[in-house]
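Undergrad: With the UniProt record's numbering, the residue at position 16 of the sequence shown is 16, and numbering never jumps. Quick reminder that beta carbons are idealized off the backbone N, C-alpha and C, glycines included. Note that the structure is a prediction, hence the values are computed from the model and not measured.
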Amino acid sequence: MAYTATSWSNGFTGDVTITNTGGAAVNGWALAFSFPNGQQVTNSWNAAVTQSGAAVTARNAGYNGTIAAGGTVSFGFQGTHGGTNQPPTGWALNGSPCTT
Numbered sequence: 001m002a003y004t005a006t007s008w009s010n011g012f013t014g015d016v017t018i019t020n021t022g023g024a025a026v027n028g029w030a031l032a033f034s035f036p037n038g039q040q041v042t043n044s045w046n047a048a049v050t051q052s053g054a055a056v057t058a059r060n061a062g063y064n065g066t067i068a069a070g071g072t073v074s075f076g077f078q079g080t081h082g083g084t085n086q087p088p089t090g091w092a093l094n095g096s097p098c099t100t
């Protein structure tokens, strides 16, 4: 799992790439993470992103729900922040912790 962000005054974009390091395909995915500094997602692409407080969940779109073994899927979002745009924490794919 990789995350990169581009920030400006009070906004940012985040780009996420999920890599399936397992031996079997992932069919349907939900990636959960938390923003530590009050960031708010305003729109997204290649995933349905919802937010409740600091907690964010990105779910696959209809066309990218399967991640083949060794494969990747990417999505992104735009948001706002006040202060420092710190990276998300607590990444979990389908309930299993993952590393960045």
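Using the DSSP secondary-structure output, state which residues sit across from N43 in a beta bridge.
TA: Q78
Undergrad: Out of F12, C98 and T21, state which residue places its alpha-carbon closest to the alpha-carbon of Q39.
TA: When F12, C98 and T21 are compared, the shortest CA-CA separation from Q39 is found for F12.
Undergrad: Enumerate, from N- to C-terminal direction, the unbroken beta strand (DSSP E) stretches of 3 or more residues contained entirely within the UniProt region "Disordered" (79-100).
TA: 89-93
Undergrad: CB T89 to CB P36, shorter than 8 Å?
TA: yes
Undergrad: In angstroms with no decimal places, state the Cα-to-Cα distance between G28 and A68.
TA: 11 Å
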